[in-house]
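2 protein chains.
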Amino acid sequence: MEASIKQHLEEIVGPENYTDDLIDLIAYSKDASEHKHRPEAAVWPIDTNQVSEILKLATKERFPVVPRGAGTSLAGLAVPQQGGVILDMARMDKILEITIEDRLAVVQSGVVYADLERALAPDGFFFPPDPASGAVCTLGGNVATNAGGIKGAKYGTTKDYVLALEVVLPDGRILHTGSKCMKSVSGYDLTKLFVGSEGTLGVVTEITLKINPKPPLTSTSMATFEDLEDAGRAISEIMYSGILPSSLEVVDQQTLQAINENTDMGLPEVEALLVAETDGYTREETEFQMAKITKVFEKNNATSIRRSENEKEAEALWAARKSAYGVAARINNNLFVEDLSIPMSKVPEMLRAISDLAKKYDLKIPTVGHAGDGNLHPVISFDGTNSDEVKRVEKATKELFEKVIDLGGTLTGEHGIGLAKAPFMHLEHDDISMDVMRSIKRLFDPNNILNPGKMGLEE
Amino acid sequence: MEASIKQHLEEIVGPENYTDDLIDLIAYSKDASEHKHRPEAAVWPIDTNQVSEILKLATKERFPVVPRGAGTSLAGLAVPQQGGVILDMARMDKILEITIEDRLAVVQSGVVYADLERALAPDGFFFPPDPASGAVCTLGGNVATNAGGIKGAKYGTTKDYVLALEVVLPDGRILHTGSKCMKSVSGYDLTKLFVGSEGTLGVVTEITLKINPKPPLTSTSMATFEDLEDAGRAISEIMYSGILPSSLEVVDQQTLQAINENTDMGLPEVEALLVAETDGYTREETEFQMAKITKVFEKNNATSIRRSENEKEAEALWAARKSAYGVAARINNNLFVEDLSIPMSKVPEMLRAISDLAKKYDLKIPTVGHAGDGNLHPVISFDGTNSDEVKRVEKATKELFEKVIDLGGTLTGEHGIGLAKAPFMHLEHDDISMDVMRSIKRLFDPNNILNPGKMGLEE
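Chains A and B, in that order, give the protein sequences. First residue of the first sequence: 1, per my numbering; consecutive thereafter. First residue of the second sequence: 1001, per my numbering; consecutive thereafter.
Next comes the structure, spelled out in structure tokens:
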């Protein structure tokens, strides 16, 4: 990147919001995935007009621009694979409006998820997606990946709450999509086109969210199953019981073993552990639903069922599920936190296939996931300096995704395609679908300046 | 349209699925709006390949193709404004799959909403949008307009349930979007781009829907308010009470007067009547929520509050709301069932503005609506043979939509733009937004063969 371009960037945002220091560029070469590539500069825009000026310059000078939230992507979405400029949205972090009577929150895209939750809590409201990285991730990042979390079965994902966006297009024009109304069918749904688009079509600067009143009560239970298929039948039968758990999580045997090796939790090393939560406004409602769930657990040969009597006990039941990533990270020095979705009835077959792959390729692949919406996270831990093991990981990953597609699944439920899944896009999407996606990319970003190399869009 | 083209169409679908009889063409020149224009032929395709062949022919010969469900559009979406061929999807009416354990229903686009509801009922499931025309409208039409209904406040609209689509593109290619998984962020969200696109981008042939377990219990109440502003405050305060009613409907004074003139219901002719419904799995849950609502009603000077003790009484409370359209249709020979959305806190100001417009232009505009999501339906009844009155209606409509936009609202919450709102698109959408929408239309349909003239997309 020419010095004159860097100077121009610095003029747009001011010297305090510009860097090309090596130490900063190294930090910006990574996100939470295993991918890395160094940018040539990074800026912290403080308003929409600066973003517009930067994109105009990028279009004129043809350099890549990679929007970045908190860099928590597990799929390389925030890695500047072709260099260029990192657009760190962290300094556009204002909550612009919260209007409870209209169920609205309007935020800049750099606002941290947890900060919005804290601002909504006094009124008893919440923005439900609840991503695992909620303490640090930004709402702009949530929009870019259509982030989900453990409440997806009942409350859906980010897309179900984004009403309107302010987006800067690659040519610098500022587009306003959607409206502040709960319902609108006025023209094409441009809003949803940007949700999950991984920063490849425009830079989101402002987000209008629908917010929900938070049911104040929950009931929690945990069940263990010697047999994976029993757990799978339990997941399916919960659907037939007519209720929607607010969470239904699964922890597999390898994860339980890893937890026991690294903690003193002393969990039974069964084939599957399920944690279920129901919510409501009355104790009768949460317990009525939980009674249905525990009945299904019993019917399907759960070897133990524990119910929490209070919040502290509920936290203890959640401990196994929530310690999974931390424990997996200790197994080896490298980690692919994978992400796939299948129809819920296919959860046991998928877990069995993952377990078989681990054996076949002599790998550890502990798996946890959101059984209630069929979204699983196999965690492939490996030693990146062991070239033989890396090759086995590559083969296992490819077979994993072939199996996912074979089961009617999708490559990613909530982490996005980014760099990690780009090579597999053709497994899920046929030529027509890829052609339509590429034509949309070309329409919005004809010079391919925005987050290039992601999503398998380049032929 | 040349005879050779008509012959080719007839060959594609077979003589039993083709018509150019005058009586049929007259029927197909209208939908439930006041718009009309005669097509030159109509076909009933019976499979996706026929739709593909028809669109290939249309692209080659450059004639308009207008997809049609049950023709219940109130905004002219199904009227073939530029002639051409009506593609009546009624004979693609198969429910292809219902898989409760995966929360899935897969249907052809000609399936009637009520038929799917009947098929889901034995398992206690439902597809929540519940449009007023549910007894006859098709699911393809629901997708084309992103249909909503009286359960929108809690359950959202059609878009919140469409997981995947099979769509025939104008060039005849068959596109598959989305997946059967509850969660997917694999590539751009092409599915949502087609939801609400009014048949202007492609012809939807197959729809995969997320379905919900239906909470079996409801509580219902009705309250009357002498003062519109009291009713408005009640709507806002229900949000602050922390619960989400499954329905919160409003009926205005002109509607109450019209009901009393045409029925023996003997309703109090107050400024606003609200009907609220809560749902849940236990009586405690529905009553807990309803107690919050009635407390808010009392605090805001409701002059009467009635609670239903059983289903029959609940139906009686709903009678006023549900008789509104039928009664409005009797006032005069022509009817615009309007559709607008505003933020919920603006409901009283909007109702007041509608009442003022009715006085100013000497019109009857009874209004009902979904107060819980800010979606109102002013029903403008008039005599279409009275040119002076028609002019007053036109002026009132224009002022109505200027006021809507002024209040931060949107031109349509659930009926779509079609022909009715096309002239007002520029009020809501700036040049950049219109330019992006038009560029998407050109990308998918460069020859403008699909439902041309709708949505204000032609410059």
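All C-beta atoms in this analysis are idealised placements derived from N, C-alpha and C, irrespective of residue type, glycine included. Small disclaimer: the values here were computed from a predicted structure and weren't measured.
**Prompt:** Going by C-alpha distance, which of 1385/B, 1272/B, 1006/B and 1261/B is nearest residue 1248/B?
**Reply:** 1272/B
**Asked** Taking 8 Å as the CB-CB limit, is residue 52/A close to chain B?
**Response** no
**Item:** Limits of the unbroken beta strand (DSSP E) element including residue 166/A
**Value:** 162-168
**Item:** Residue-chain proximity (residue 288/A, chain B), Cβ-Cβ < 8 Å
**Value:** yes
**Request:** Output, in chain order, the set of chain B residues within a Cβ distance shorter than 7 Å of residue 118/A.
**Result:** Within chain B, no residue comes near residue 118/A; the closest Cβ sits about 17 Å away, beyond 7 Å.
**Item:** 8 Å Cβ cutoff met for residue 229/A and residue 348/A
**Value:** yes
**Asked** For residue 1202/B, which of 1183/B, 1165/B, 1385/B and 1208/B has the nearest alpha-carbon?
**Response** 1165/B
**Prompt:** Under 8 Å, do residue 1183/B and residue 414/A count as touching if we go by C-beta distance?
**Reply:** yes
**Prompt:** beta strand (DSSP E) containing residue 1132/B: first to last residue?
**Reply:** First-last for residue 1132/B: undefined, no H or E at that position.
**Asked** If residue 1038/B sits next to residue 1026/B, beta carbons under 8 Å apart, how far is it from one beta carbon to the other, in whole angstroms?
**Response** 7 Å
**Asked** If the cut is a Cβ gap below 9 Å, which residues of chain B does residue 432/A touch?
**Response** 1169, 1173, 1174, 1175 and 1176
**Request:** Can you grab the Cα-Cα spacing for the pair residue 1018/B / residue 1107/B, in whole Å?
**Result:** 23 Å
**residue 1206/B, buried or exposed, once every other Cβ within 10 Å from all chains shown has been counted against 16** = buried
**Prompt:** Taking DSSP as the reference, what is the three-state secondary structure of residue 1305/B?
**Reply:** strand
**Prompt:** By the 10 Å Cβ neighbour count, where 16 or more other Cβ atoms means buried, how is residue 426/A classified, buried or exposed?
**Reply:** exposed
**Asked** When the cut-off is 8 Å and only beta carbons count, does residue 1281/B lie next to chain A?
**Response** yes
**Asked** Just the Cα atoms here: how many angstroms apart are residue 71/A and residue 209/A?
**Response** 22 Å
**Asked** Is there contact here, the segment 1388-1402 of chain B with the segment 1278-1295 of chain B, by at least three beta-carbon pairs under 8 Å?
**Response** no
**Request:** Tell whether a beta-carbon distance below 8 Å holds between residue 1417/B and residue 187/A.
**Result:** yes
**Message:** Nearer than 7 Å: is that true of the beta carbon of residue 383/A relative to any heavy atom of the ligand GTP?
**Reply:** Among the ligands in the structure shown, none appear at all, so the ligand GTP cannot be discussed.
**Message:** Please report whether the beta-carbon of residue 411/A lies at a distance below 8 Å from any beta-carbon of chain B.
**Reply:** yes
**Asked** residue 296/A by DSSP, collapsed to three states: which one?
**Response** helix
**Prompt:** residue 142/A CB to nearest chain B CB: under 8 Å?
**Reply:** no
**Request:** With a floor of 3 residues, list each beta strand (DSSP E) that falls wholly inside the segment 1035-1100 of chain B, ordered by position along the chain.
**Result:** 1041-1043, 1065-1068, 1085-1088 and 1095-1099
**Message:** For residue 1052/B, tell me which candidate among 1243/B, 1168/B and 1312/B has the shortest Cα-Cα distance.
**Reply:** 1168/B
**Message:** Just to confirm my understanding: we take residue 1050/B, look at its own chain, exclude 5 residues before and 5 after, and list those with CB closer than 7 Å. What are they?
**Reply:** 1012 and 1013
**Prompt:** DSSP on residue 248/A, reduced to helix/strand/coil?
**Reply:** strand
**Prompt:** Thinking C-beta only, is residue 231/A closer than 8 Å to residue 304/A?
**Reply:** no
**Request:** Indicate the three-state DSSP secondary structure (helix, strand or coil) for residue 1104/B in the structure shown.
**Result:** strand
**Message:** Beta-carbon within less than 6 Å of residue 1243/B's beta-carbon, same chain only, minus the 5 sequence neighbours each way: which residues are those?
**Reply:** 1289 and 1292
**Request:** May I ask which residues mark the beginning and end of the alpha helix (DSSP H) holding residue 174/A?
**Result:** Looking at the DSSP string, residue 174/A is not in any alpha helix (DSSP H); the run it does join, the beta strand (DSSP E), is 174-178.
**Request:** Using only alpha-carbon positions, find the residue among 90/A, 441/A, 371/A and 213/A that is nearest to residue 105/A.
**Result:** 213/A
**Asked** Helix, strand or coil: which one does DSSP assign to residue 390/A?
**Response** helix
**Item:** C-beta atoms of residue 85/A and residue 112/A nearer than 8 Å
**Value:** no
**Request:** Please check if any C-beta of chain A sits within less than 8 Å of the C-beta of residue 1295/B.
**Result:** no
**Prompt:** Does the beta-carbon distance from residue 30/A to residue 79/A come in below 8 Å?
**Reply:** yes
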